[in-house]
Structures are given as C-alpha cells and as structure tokens.
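Residue numbers (full-length UniProt numbering): 1 to 411.
Only one structure is covered here, and it is reproduced in the block below.
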C-alpha cells in the first residue's frame, strides 16, 4: 500500500512535467486509470483466486474442529457488527452535526454491512512468520474468509433498500434474501466442487498430462464463480466452498506432478492478486484526494472509527463467552477454547481492507452520499491497517501470546 501511495505521488506529478499537449493528454489518461480502483476488476479478477486459495489450502485437521466457533464469529458476529455500526452511525448523525451530513437508516445499515468486512492480511502474515498458536491463527483466518463472504451477501441484500420506501416487513424480507443467497451459494459451491472432482478423474492427458490436467482443473474451479454471479448468487461464497471440495476430492485425482504444480500455482496467483490489490489501494488514496476532496467528513470518519471499535467489542467478547461456556463448555483439560488473550488478539485483528473499499465504490448514490462513504471507508482502511496491522508484533508480545509453535497453523 505504501508503494502505491508513493507511485500515486509520482503519477500525480507527471502531468505537470509533460512538454506537449498530446503527451499531457496521454499521461492524464494513464494517470486516471491508475488512480481509479475498479470494483469490477477487483470482484471478477482479483478476489476469486484469493478466496479459492484460502479454501483450497485450508488445513482441514485444524479448521474443522474450530468451524462452529468460526461460524459464530463470521455469521452472527458480522450481523451484530453491521447492526451496531449501522444503527450507531444513524443515531450519531441525527444527534450530532456532522457538517450537515445526515444519511438515511437504509444507507447507514448498508454501510455498516460493508465496513464490517475484515481483511487482516498483514496480521496473518505476522502470525505466520511468528508461528503463533494454530487455534488463534485459524480463528482469525477462518473468520476473515467467511466474514468477507457473509459481509458481501449482507451488503448486497441491504443496498437494495437504499432509495426506496420500506416498512417493518422489509427486515424479514432482507433476512430471507440473505439466508437464501448464502445457502444456495454454499450448495452450489459444494456441488460444483464435486463435479470438478469427477471431471479431473476422467481427464488424462498422456504425454501432456500435467499441462492438460492443470488447465482443466483451473477452468472448472473458476466456472462456479461465474455461474453464481449470473444466477444473482454470491460468487465469493461459491468459490470458497468449491475450493474446499476440490482439495478434499479433486486434488486426489491429479498426478503427483500436477498436484504440486496446482498447489504452487494457486498460491502464486493469490499472492499476485493480493499485491495488486494493495498497490491499487495505495494509488486510490491520491485519486480520492484529487477527485473528491469535499467528501472528507472528519466528524463522520471519527464516528465510524468509534462505532467500528465498539461493534468489534460487542461482537468478539460476548460470542467468546458463549463459545467457552455453552458451545464447547471448556476443553477436556479444563482450559477455555478462546482464552482472554486470544479474545483480545481477535478484537485487534479487525482490520478493514480492499473488500470494504470495493463495496463502497458500488454504494447506491440515490441521495448523493456515495463520495462520503467511499472516502470514509478509505480512511478506516488506512487507520486500521497502519495501527492494528503495523502493531501486530507488539500486540503479540504485550498480550504474552506464545510464538514459535508448530507451523501446521500456516496456510
């Protein structure tokens, strides 16, 4: 992201140094392209390989025992966070003068859903390098993966109510739509994963076996995403569960050479996509300051940060208590599953990233408030990334969390 920020400064200044009108126009076109964060490119090209790789390389022996806890944090926790942020910001903007900015309830609820999507990439990178407790790693990792999927579906559901008249029954309709989309997308991913596994069993390429197997495997795992989007379902949810099923069943049908190639290929593809996303985020900072400087509402940014911190606390600590004393009722050794220091680290892992910013770019502009929500989202992304993400190592030391443990927690 810092590289993107630096590159955007250079890009912003290139127009001033152009000597001819033609070169200035050409440079300006390139500049505009670089400084714009395209949600279409993000959701169709960059995010799918990251989500698929997360599902494909998931350590099942560690992930599955924690699935109930991860589901509570990702599904119930995201719903709580969205409600707290949405209702909190609505009350604040009604009671306090945020430079005249007064969004509707439907807008703040939709914004609450998108800003609840966490993206602790930098935190997980430190976890891997420090080899933290696998339980902590997979709680943060699993929550972030499912949280993105849940947050996207919730946002897409709530944004439909912006700009239209709605009643109390709309809440039930929204919940029903959310449930249907999430369940159907999950089932589609599982079915497509099984179909992909069957296809890989039938495909044998002879002398070019590795090339044909890898090409076919790459094709059948991306098609479910496109099918889900065409059917107005969540491609992200679908491709996540496709990745899980392909690893469980499809990878077994590949030759040892093809399996090694596909493992490295998906890792490299996901890493390149993450790099491109952070570079583009950095470039977008100066794109926003040059195109929408008036959209920066400091009071609303501060209110959003406060609501995010509050929502994270209301999300993590009550759910952790419920998991420790109701769902798991402590472990056989008498220890809690989610220890207090693990809870604190979970709370501090609530970074916001590209998913939230990409959603903000598609925010409904019926009331002309999109610019404020976009700039506010970028501000939250920057603050959480550089404070929480940059301070992860210090937080681990301060909380006394064990490091240098079994590296099986890595993905």
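Idealized CB from N, CA, C, for every residue including glycine.
Cβ-Cβ separation, residue j to residue i (assumed contact under 8 Å), whole Å
| i | j | result |
| --- | --- | --- |
| residue 83 | residue 158 | Rounded, the Cβ-Cβ distance is 11 Å, inconsistent with contact. |
| residue 372 | residue 101 | 6 Å |
| residue 131 | residue 345 | With 8 Å as the limit, residue 131 and residue 345 do not qualify as a contact, their Cβ atoms being about 14 Å apart. |
| residue 236 | residue 51 | 5 Å |
| residue 238 | residue 188 | 5 Å |
| residue 245 | residue 194 | 6 Å |
| residue 80 | residue 314 | 6 Å |
| residue 357 | residue 281 | 7 Å |
| residue 46 | residue 277 | 5 Å |
| residue 242 | residue 150 | At roughly 17 Å, the Cβ-Cβ gap does not stay under 8 Å, so residue 242 and residue 150 are not in contact. |
| residue 385 | residue 122 | 7 Å |
| residue 107 | residue 297 | With a Cβ gap of about 13 Å, residue 107 and residue 297 do not count as contacting. |
| residue 265 | residue 308 | The Cβ separation is near 36 Å, so there is no contact. |
Burial state of residue i (16 or more Cβ within 10 Å)
| i | result |
| --- | --- |
| residue 392 | buried |
| residue 353 | buried |
| residue 402 | exposed |
| residue 397 | exposed |
| residue 294 | exposed |
| residue 252 | exposed |
| residue 287 | buried |
| residue 119 | buried |
| residue 394 | exposed |
| residue 96 | exposed |
| residue 355 | buried |
| residue 247 | buried |
| residue 319 | buried |
| residue 367 | exposed |
| residue 179 | exposed |
| residue 230 | exposed |
| residue 68 | exposed |
| residue 17 | Bear in mind that the predicted position of residue 17 carries a pLDDT of just 44, short of 50, making it unreliable; the figure below should be weighed with that in mind. So residue 17 ends up on the exposed side. |
| residue 22 | The predicted position of residue 22 is uncertain, since its pLDDT is 47 and thus under 50; no value can be drawn from it. |
| residue 225 | buried |
| residue 232 | exposed |
| residue 176 | exposed |
| residue 257 | exposed |
| residue 422 | Here the chain comprises residues numbered 1 to 411, so residue 422 is not present and cannot be evaluated. |
| residue 312 | buried |
| residue 340 | exposed |
| residue 85 | buried |
| residue 61 | exposed |
| residue 365 | exposed |
| residue 275 | exposed |
| residue 64 | exposed |
| residue 409 | Because residue 409 sits at a pLDDT of 42, beneath the cut-off of 50, its placement in the model cannot be relied upon, and the following sentence gives the value as read from the coordinates. Its Cβ being crowded by 16 or more others within 10 Å, residue 409 is buried. |
| residue 164 | exposed |
| residue 202 | exposed |
One or two residues paired with residue i in a DSSP bridge
| i | result |
| --- | --- |
| residue 108 | Answer is none; residue 108 lacks a bridge partner. |
| residue 118 | 352 |
Boundaries of the alpha helix (DSSP H) in which residue i is found, first to last residue
| i | result |
| --- | --- |
| residue 94 | 77-95 |
| residue 247 | Where residue 247 is concerned, there is no enclosing alpha helix (DSSP H), given that its DSSP letter is neither H nor E. |
| residue 416 | The shown model of the chain, from 1 to 411, leaves out residue 416, and the question about it has no answer. |
| residue 135 | 134-158 |
| residue 47 | 47-56 |
| residue 67 | 67-71 |
| residue 63 | 60-63 |
Cβ-heavy atom distance, residue i to the ligand NAD, below 7 Å
| i | result |
| --- | --- |
| residue 74 | The ligand NAD is absent from the structure shown, which contains no ligands of any kind. |
Item to check | Complete runs of the alpha helix (DSSP H) confined to the segment 373-404 [at least 4 residues] | outcome: 392-399
Item to check | Minimum length 4: unbroken alpha helix (DSSP H) runs contained in the segment 250-304 | outcome: Entirely contained in the segment 250-304, the alpha helix (DSSP H) runs reaching 4 residues are, in chain order, 256-291.
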